[in-house]
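Undergrad: From first to last, the protein sequence lines stand for chains A and B.
The opening residue of the first sequence carries number 1 in my numbering; numbering runs sequentially from there.
The opening residue of the second sequence carries number 1 in my numbering; numbering runs sequentially from there.
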Amino acid sequence: MNTLKIMLALGLLCLSSASVQAVEIRDHHKEVIGKDCKACHDQGIKQFPSDQACQQCHDVDELAETTARSEEDKWQNPHNNLHYGKELPCQECHGEHKAKKPICSDCHTFKYDKHKE
Amino acid sequence: MSNVDLLGRRKFIAGLGVAAGAAMVAPAMAVSEKADGVKWDKEIEIVIIGSGFAGLAAGIEATKLGAKDVHIFEKMSYFGGNSAINGGLFAAPGTPMQSKEGVNDSVDRMVADQLAAGCGIADEALLRHVAEHAMEALQMTFDAGSEYHPYLQQLGGHSVARTYQTTVSCGAGITQPLLHKCRELGVHTHNRSKFEGFLVGEKGEVLGVKMRDNYHFGEDQPGKVINIRAKRGVIMATGGFAQNVNLRMAQDPTLTSEVGCTNAPGATGEGMYEMFRLGAVPVHLAHIQSGPWASPDEGGFGYVSNYSIYNFPHSIAINRLTGQRFMDEIADRKTRADAELACRDEQGNALPPILITSYKDSKKHPNTKKVIKYNVGWKFDSVEELASHFNVPLKALKTQIEEYNQYVKSGEDKQFGKNMTKAAGKYIEAPFTVVRLWPKVHYCQGGVQINTKAEVKDSFTGVAIPGLYAAGEVCGGIHGVSRLGSCSIPECMVMGMTAARSMMKA
Ligand SMILES: Cc1cc2nc3c(=O)[nH]c(=O)nc-3n(C[C@H](O)[C@H](O)[C@H](O)COP(=O)(O)OP(=O)(O)OC[C@H]3O[C@@H](n4cnc5c(N)ncnc54)[C@H](O)[C@@H]3O)c2cc1C
C-alpha cells in the first residue's frame, strides 16, 4: 500500500463522535480511519461508499499482485479474475459492517484463506 | 479423498432455495408511465439496458454507424451478465476455421439443424437472419481481440463442426474485449443502474426510461430514480429470467427453488415484464431448459457441468437410496432432470444421486483434475469405499455395476435402453471418480417477440412499438423447444448489432 496515500487519508481524519456500533473494523482500518465514517462513506453516512472509496488508499494493481496465483490458477486471482478482470467493486466481496463471501463462491469452491468474511 | 459434509450440503440446498425465493418476493415496483410533463434529468442519444453480449455488440455497432452518445446501463455492480460466465462456445457457418479444416457448412445447414431441435416451433426467419450475420459477429470479437482455441467442435444436434471456443473456455473471453472496445470507442458504461420502467409518448412510443441510480442489488439502499430521454430509442438487452423462481414456477411448477440455477444473479426478468406491460407479445415462456449435468456441491455452472456432460455416455447414475440406476444417462435434458428430482430419502428430502465413472475414462476431460482438487468430485479406489462414503447399499450397487458391465459388453442396455455406442469397451471399474448430480435451470427460450429488425411487436396492433428494440435472451421464440449449444452467442450479438442498425436507420 502506498504510504503517501495513507498519510493523505490520515490527514483527512476529523474527529467524529458518530456511533460506530456494528462496525467490525479491520485492525489496519482502525489505525487509519479511526472513527471517521466519512473517510469511507463519501456519498453520505446512510449510503454505501462509492465504488471508488476504497481506492483512496488501496491500489488494485498492488492488490492483484498480492493475491496472484500460480500459472495454472492464475485466473482465480480475486483482484484480477477471469470474468471481470480488475473491475470488480471491492464491496462485492468485502464489507466492513457485515460478513461477505467472495463472489467466486457463487459458482466455485476456491479457497481464499485470508479473506475475512 | 476429502471429507465432505453431505448433510450440511443438503441443508445448503434447502437454504439456498429459501434465500432465492425470499429475494424475489418483493422486487421494487417497476412501472411505465406517460412521459407527459415529466422532468427529464438527462438526454441521451441511445440507451442500452444490460451489458451482456447483446448490449455490448449493440454499443459497438451503434458507435461504428456514427452514434455519438451511447450509454450502456447495468444494474449489477459488475458488467457482463450471463455472458461473462458463459462457456465461450460460438457457432457460425462459413468461418475461416471451417475452410481451413475443410468443413462443408452453410447458412441453410445451420438453420436446418436448429429447426430440427426447435421441434417445429422455432422462428425460421430469425434463425436465418442470425446465421446470415453470425460471421460478422464473430469478426467483431476478432477485431476486439478475442482469442479462440485453434480447433472447431461439433456439439450435440449440430450436423457439422462449426463451434469456436475462446481460449479461456468462457464467455469472458468475449465480454472483456467487447467491454474494453466499447469504452475505447467512447461508449459510456454505467454500473449499479437499474432500469425501472419506460416513459411513453402520446402514441405509445418509447421516449425514455426511468433508471434507478446508485442501486445496490440485494441490499436495502434504494438509490434514486432519474428520468432519461432516449433520443433515438431504447435497446433492451436484459437477458433471461432463470433466477426468478416465481416466474419460472408460473411457467413450469417443477422448477421450484429446490432446483438450482446456473445463471448470474441479475437474471431476474423485470425488463421483460415491463415490455409485456407495454404491450409486447410473450412467446414460449414455458420452454425453460434445465441442465441435468450440474452439481449441488458448487453454485452455478461450476466445474462439474462440463465434466459430467463429457462423462455421461460412459458412466452410471445411481440413486443413493437403492444403489441402482434410475435413468438413461444420455436421455434428453428434461427426462434426466425430472428423474434426478425424484431421487429422495425416506422423508422426501432431496437426495442428490451420484454419477460413477471409471477414472481411466473420466481423466481424459480437463476438468477432472479441478473437480477433485476443488472438492466437488471424489476419487475412490474401491466400490466399498465409494458406497460407505455416500451411504449407498453396497450389495445392490455391486450387482448393478456387474449388470451394467454386461450391457457394455453386449451393447444393449436392458434397463433404460441407453445408446451404448459411446460406452463400448468402457467398463465401470475401480478406481472411480464420482460427482453428485442435481438439475439447475439454465436457459429461458421464451421472452418478447421481435422481428428481424430487432423491433418489439405490439400484441394488439401487430406493429413495432416505436423507439423500442430488444436483443438477446430477453427475446423469445427464436430457438423453439430446444436451443442448440453455442447458438446463443451468435443470436445475442447479431440481434444486438441489428438493433443498433435499425435504430440508426430509423
Ligand atoms: C453458465 C452458462 C453457460 C453458457 N454457455 C453458453 C455457451 O457456451 N454458448 C452459448 O451460445 N450460450 C451459452 N449460454 C447462454 C448464453 O450465455 C446466454 O443466453 C447469453 O449470455 C445471454 O446474453 P444477453 O446479452 O441476452 O444477456 P446477459 O448476458 O445475461 O446480460 C443481461 C444483463 O442485463 C442486466 N439486467 C437485467 N435486468 C436489468 C435491469 N432491470 N436494469 C439494468 N440491467 C439489467 C443483467 O444484470 C445482465 O448483466 C450459457 C449460459 C450460462 C448461464
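The C-beta atom is built at its ideal place from N, Cα and C for all residues, glycine as well.
Quick one: using the 10 Å Cβ neighbour count with 16 as the cut-off for buried, is residue 199 of chain B buried or exposed?
TA: By 1-based counting over the second sequence, the position of residue 199 of chain B is 199. Flag for residue 199 of chain B reads buried.
Undergrad: I'd like the ranges of any alpha helix (DSSP H) spanning at least 4 consecutive residues and lying wholly in the region 273-337 of chain B.
TA: Correct list: 304-311.
Undergrad: Report yes or no: do the region 493-503 of chain B and the region 219-237 of chain B share at least 3 C-beta pairs separated by less than 8 Å?
TA: Yes: at least three Cβ pairs fall under 8 Å.
Undergrad: Which same chain residues end up closer than 7 Å to residue 376 of chain B when comparing Cβ atoms and leaving out the 5 residues on each side of it in sequence?
TA: As a first step, residue 376 of chain B is located in the second sequence; it is residue number 376 there, counting from the start. Same-chain partners within the cutoff: 295, 297, 298, 302, 303, 304 and 435.
Undergrad: Does DSSP put residue 466 of chain B in a helix, in a strand, or in coil?
TA: Numbered from 1 along the second sequence, position 466 holds the residue referred to as residue 466 of chain B. Reduced to three states, the DSSP call for residue 466 of chain B is strand.
Undergrad: CB residue 439 of chain B to CB residue 259 of chain B, shorter than 8 Å?
TA: The residue given as residue 439 of chain B occupies position 439 in the second sequence. The residue given as residue 259 of chain B occupies position 259 in the second sequence. Yes, the Cβ-Cβ distance between residue 439 of chain B and residue 259 of chain B is below 8 Å.
Undergrad: Tell me which residue opens and which closes the beta strand (DSSP E) that residue 78 of chain B is part of.
TA: For the purposes of this step, residue 78 of chain B is identified with residue 78 of the second sequence, where counting begins at 1. Counting along the chain, residue 78 of chain B falls outside any beta strand (DSSP E), and DSSP gives it neither H nor E.
Undergrad: Looking at the structure shown, is residue 380 of chain B part of a helix, part of a strand, or coil, going by DSSP?
TA: Residue 380 of chain B sits at position 380 when you count from the first residue of the second sequence. The answer is strand: DSSP assigns residue 380 of chain B an E or B state.
Undergrad: Please name the residue, chosen from B/490, B/48 and B/465, that lies closest to residue 193 of chain B on a Cα-to-Cα basis.
TA: Your numbering for residue 193 of chain B matches position 193 in the second sequence. Measuring from the Cα of residue 193 of chain B, the nearest candidate turns out to be B/48.
Undergrad: Hey, could you find the ends of the alpha helix (DSSP H) residue 142 of chain B is sitting in?
TA: For this step, residue 142 of chain B is matched to residue 142 along the second sequence. Element bounds for residue 142 of chain B: 124-144.
Undergrad: Looking at the structure shown, is residue 390 of chain B part of a helix, part of a strand, or coil, going by DSSP?
TA: Here residue 390 of chain B corresponds to residue number 390 of the second sequence, with the count starting at 1. Residue state, collapsed to three classes: helix.
Undergrad: 8 Å is my cut-off, CB to CB: does residue 102 of chain B come that close to chain A?
TA: Numbered from 1 along the second sequence, position 102 holds the residue referred to as residue 102 of chain B. False, the Cβ-Cβ gap to chain A never drops below 8 Å.
Undergrad: Skipping 5 residues on each side, what residues in its chain have a beta carbon closer than 8 Å to that of residue 124 of chain B?
TA: Here residue 124 of chain B is taken as the residue at index 124 of the second sequence, counted from 1. So the list reads 111 and 115, once near-sequence residues are dropped.
Undergrad: With respect to 7 Å, is the separation between the Cβ of residue 182 of chain B and the closest non-hydrogen atom of ligand 1 below this value?
TA: Working through the second sequence from its first residue, we reach residue 182 of chain B at position 182. Checking the Cβ of residue 182 of chain B against ligand 1 gives no.
Undergrad: Can you tell me whether residue 81 of chain A is helix, strand or coil according to DSSP?
TA: Translated into the one-based positions of the first sequence, residue 81 of chain A becomes position 81. Strand, per DSSP.
Undergrad: Helix, strand or coil for residue 513 of chain B, going by three-state DSSP, please let me know.
TA: This structure gives no information on residue 513 of chain B, because the portion of chain B shown stretches from 1 to 506.
Undergrad: Let me check understanding here. Comparing Cα to Cα, which of B/321, B/357 and B/340 lies closest to residue 346 of chain B?
TA: Counting from 1 along the second sequence, the entry for residue 346 of chain B is found at position 346. Residue 346 of chain B has its Cα closest to that of B/321, out of B/321, B/357 and B/340.
Undergrad: Taking the C-alpha atoms as reference points, what is the distance between residue 137 of chain B and residue 448 of chain B?
TA: Here residue 137 of chain B corresponds to residue number 137 of the second sequence, with the count starting at 1. Here residue 448 of chain B corresponds to residue number 448 of the second sequence, with the count starting at 1. Cα to Cα, the separation comes out at about 22 Å.
Undergrad: For residue 242 of chain B, would you say it is in contact with chain A, using Cβ-to-Cβ distances shorter than 8 Å as the test?
TA: Within the second sequence, residue 242 of chain B is the residue found at index 242, counting from 1. No, because no Cβ of chain A sits closer than 8 Å to the Cβ of residue 242 of chain B.
Undergrad: For ligand 1, is there a heavy atom less than 7 Å away from the beta-carbon of residue 54 of chain B?
TA: Position 54 of the second sequence, counted from the first residue, corresponds to residue 54 of chain B. The answer is yes for residue 54 of chain B.
Undergrad: If you measure beta-carbon to beta-carbon, which residues of the region 351-383 of chain B are closer than 8 Å to chain A?
TA: Cβ contacts with chain A: 374, 375 and 376.
Undergrad: Just to confirm before moving on: does the CB-CB distance between residue 208 of chain B and residue 214 of chain B stay below 8 Å?
TA: As a position in the second sequence, residue 208 of chain B is number 208, starting the count at 1. As a position in the second sequence, residue 214 of chain B is number 214, starting the count at 1. No.
Undergrad: Pull up the distance between the alpha-carbon of residue 226 of chain B and that of residue 454 of chain B, whole angstroms please.
TA: Numbered from 1 along the second sequence, position 226 holds the residue referred to as residue 226 of chain B. Numbered from 1 along the second sequence, position 454 holds the residue referred to as residue 454 of chain B. Computed Cα separation, rounded: 26 Å.
Undergrad: Given a cut-off of 8 Å on the beta-carbon distance, is the pair residue 333 of chain B and residue 288 of chain B in contact?
TA: Position 333 of the second sequence, counted from the first residue, corresponds to residue 333 of chain B. Position 288 of the second sequence, counted from the first residue, corresponds to residue 288 of chain B. Cβ distance not < 8 Å, so residue 333 of chain B and residue 288 of chain B don't count as in contact.
Undergrad: What residue range is occupied by the uninterrupted beta strand (DSSP E) comprising residue 359 of chain B?
TA: Here the question's residue 359 of chain B lines up with position 359 in the second sequence. It is not in any beta strand (DSSP E) - residue 359 of chain B instead sits in the alpha helix (DSSP H) that spans 359-362.
Undergrad: Alpha carbon to alpha carbon, what distance is there between residue 489 of chain B and residue 407 of chain B?
TA: Position 407 of the second sequence, counting from 1, holds the residue named residue 407 of chain B. Position 489 of the second sequence, counting from 1, holds the residue named residue 489 of chain B. Each residue's alpha carbon lies about 39 Å from the other.
Undergrad: Check the Cβ of residue 298 of chain B against every Cβ in chain A and list those closer than 7 Å, keeping chain order.
TA: The sequence position of residue 298 of chain B within the second sequence is 298, counting from 1. Within chain A, the residues near residue 298 of chain B are 107, 108 and 109.
Undergrad: With hydrogens ignored, establish whether the beta-carbon of residue 82 of chain B is closer than 7 Å to any heavy atom of ligand 1.
TA: Taking the second sequence and counting its residues from 1, the one referred to as residue 82 of chain B is at position 82. Correct: residue 82 of chain B has its Cβ closer than 7 Å to ligand 1.
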